[in-house]
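**Student:** This structure is in structure tokens; I'll ask about it shortly.
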Amino acid sequence: AHWWTHVAARFADEYRVLAIDLSGHGDSGHRTTYAFEQWTDEVMAVAADGDIDGLPVIVGHSMGGFVTIATSAMHPDKVSGAIICDSPVTEPDPEVESFRLKEAFGRPRTYPSVDDALARFRTVPPQAHYLDYVMDYVGRHSMRPVDDGWQWKFDRTIFEQFAGSLRGVALPYLSRIVCRLALLRSEQGLVTPDIGSFMYEQLGRVTPVIELPLAGHHAMLDTPLILLTALRTLLADWDHSEPHRRR
85 AHWWTHVAAR
95 FADEYRVLAI
105 DLSGHGDSGH
115 RTTYAFEQWT
125 DEVMAVAADG
135 DIDGLPVIVG
145 HSMGGFVTIA
155 TSAMHPDKVS
165 GAIICDSPVT
175 EPDPEVESFR
185 LKEAFGRPRT
195 YPSVDDALAR
205 FRTVPPQAHY
215 LDYVMDYVGR
225 HSMRPVDDGW
235 QWKFDRTIFE
245 QFAGSLRGVA
255 LPYLSRIVCR
265 LALLRSEQGL
275 VTPDIGSFMY
285 EQLGRVTPVI
295 ELPLAGHHAM
305 LDTPLILLTA
315 LRTLLADWDH
325 SEPHRRR
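Residues in the sequence shown are numbered consecutively from 85, following the working numbering.
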């Protein structure tokens, strides 16, 4: 959730904002097994307990975008809209592939200090630019103390449980979505124009696919103001517009 703090906080004056750490992430606990259905239940439980006026709009990035897709499809009467940020449904997830190659999520490593861990903080996939102050904030909130130092909070066993890739789990849900939905595609991210077009077709040709200029896959880390503007524009438009099918 802390990856979104500097973006989500700008909505707090106008909206009821809820930030969730899915199980296996952030300050939430770890499980022995993980499944999309379980994560969707977690999202809806937070929404139900969050004192929301009306139905929620869910925003998810990368793997969180896949969970958002599944949640929107499985709970059509409980979600008013969804915004997916650079989640490439038709591509093998890079985190899964990196796990298999032991390039990104190997055995947990313990660092002697927070500064040592921050010096080795990398995203998957890597990108050309980051805002230093955002990386410092996100990195510091992504670590937990252990007996002999510091480790990253993320449960590295998650990707062991998806035999192929997350896109194989998320793809069947696309055609089942009936709520308002938009796809934000980072210009230098994982959702290529072809993937964006495929998702557009799967979603009935009524879903806007919007490019975030200059953004890497993790847009909140390099172009947060562009991401913020896109989200604000979508939410403002959805207050008074209706989707239509293009011919």
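Just so you know, even glycine gets a beta-carbon here, dropped at the ideal spot from N, CA and C. Here the structure is a predicted model, which is why all the values come from computation and not from measurement.
1. Assuming His109 contacts Met128 (C-beta within less than 8 angstroms), just tell me the rounded distance between them.
2. Could you give the distance in angstroms between the alpha-carbon of Val130 and the alpha-carbon of Ile142?
3. How many Å lie between Tyr214 and Gln286 at the Cα?
4. Specify whether the region 217 to 229 and the region 265 to 277 touch according to this definition: at least 3 beta carbon pairs, one from each stretch, less than 8 angstroms apart.
5. Decide yes or no for the touch test of the region 190 to 204 against the region 296 to 316: beta carbon pairs closer than 8 angstroms, at least 3 of them.
6. Helix, strand or coil for Tyr257, going by three-state DSSP, please let me know.
7. For Val91, count the other beta carbons within 10 Å of its own beta carbon; 16 or more makes it buried, fewer makes it exposed. Which is it?
8. Scan the region 195 to 278 and note each continuous beta strand (DSSP E) run of 3 residues or more that stays entirely inside, going in chain order.
9. Just to confirm, is the Cβ distance from Leu258 to Ile153 under 8 angstroms?
10. For the region 191 to 200 against the region 230 to 240, are there 3 or more C-beta pairs whose distance is under 8 angstroms?
11. Just to confirm my understanding: we take Ala85, look at its own chain, exclude 5 residues before and 5 after, and list those with CB closer than 7 angstroms. What are they?
12. Starting from Leu102, follow the beta strand (DSSP E) in both directions and report where the run begins and ends.
13. Going by Cα to Cα distance, which pick from Asp278, Asp161, Ser146, Pro297 is closest to Ile261?
14. Does DSSP put Gly134 in a helix, in a strand, or in coil?
15. Could you give the distance in angstroms between the alpha-carbon of Cys169 and the alpha-carbon of Ser197?
16. Write down every uninterrupted run of the alpha helix (DSSP H) in the region 115 to 173 whose length is 4 residues or greater and which is fully enclosed by it, in chain order.
17. Residues in its own chain within less than 7 angstroms of His302 by CB, not counting five upstream and five downstream?
18. Based on the DSSP secondary-structure assignment, which residues constitute the bridge partners of Gly300?
19. Considering only C-alpha positions, which residue in the set Phe243, Gln245, Ile242, His225 is nearest to Trp236?
20. Tell me the DSSP secondary structure of Val293 in three-state form.
21. For a quick check, are the C-beta atoms of Leu296 and Leu311 less than 8 angstroms apart?
**Tutor:** According to the structure data:
1. For the purposes of this step, residue 109 is taken as the residue at position 25 of the sequence shown. For the purposes of this step, residue 128 is taken as the residue at position 44 of the sequence shown. With 8 angstroms as the limit, His109 and Met128 do not qualify as a contact, their Cβ atoms being about 17 angstroms apart.
2. As a working note, residue 130 is residue 46 in the sequence shown. As a working note, residue 142 is residue 58 in the sequence shown. Between Val130 and Ile142, the C-alpha separation is close to 11 angstroms.
3. The residue given as residue 214 occupies position 130 in the sequence shown. The residue given as residue 286 occupies position 202 in the sequence shown. Taking the straight line joining both Cα atoms gives about 32 angstroms.
4. no
5. no
6. As a position in the sequence shown, residue 257 is number 173, starting the count at 1. Correct three-state label for Tyr257: helix.
7. In the sequence shown, counting from the first residue as 1, residue 91 sits at position 7. Buried, since its Cβ has 16 or more Cβ neighbours within 10 Å.
8. 227 to 230, 233 to 236, 264 to 272
9. By 1-based counting over the sequence shown, the position of residue 258 is 174. By 1-based counting over the sequence shown, the position of residue 153 is 69. Closer than 8 angstroms, so yes.
10. yes
11. Reading the sequence shown from its first residue, position 1 is the one you call residue 85. Taken in chain order, the residues that qualify are Ala103, Ile104, Asp105, Gly110.
12. The residue you call residue 102 lines up with position 18 of the sequence shown. Careful: Leu102 lies outside any beta strand (DSSP E) and carries neither H nor E.
13. Sequence index remark: in the sequence shown, residue 261 carries index 177 (1-based). Closest option to Ile261, Cα to Cα, is Asp161.
14. Reading the sequence shown from its first residue, position 50 is the one you call residue 134. If DSSP states are grouped into helix, strand and coil, Gly134 belongs with coil.
15. Working through the sequence shown from its first residue, we reach residue 169 at position 85. Working through the sequence shown from its first residue, we reach residue 197 at position 113. About 32 angstroms.
16. 120 to 133, 147 to 158
17. By 1-based counting over the sequence shown, the position of residue 302 is 218. Within the same chain, His302 has close Cβ partners Thr207, Gln211.
18. Along the sequence shown, read from residue 1 onward, the residue named residue 300 stands at position 216. DSSP, once it has assigned bridges, lists Gln272 as partnering Gly300.
19. The count along the sequence shown starts at 1 and reaches residue 236 at position 152. If we check each option's Cα against that of Trp236, His225 comes out closest.
20. Walking along the sequence shown from the start, residue 293 turns up at place 209. DSSP places Val293 in strand when its eight states are reduced to three.
21. Numbered from its first residue, the sequence shown carries residue 296 at position 212. Numbered from its first residue, the sequence shown carries residue 311 at position 227. Against a cut-off of 8 angstroms, the Cβ pair of Leu311 and Leu296 comes out as a contact.
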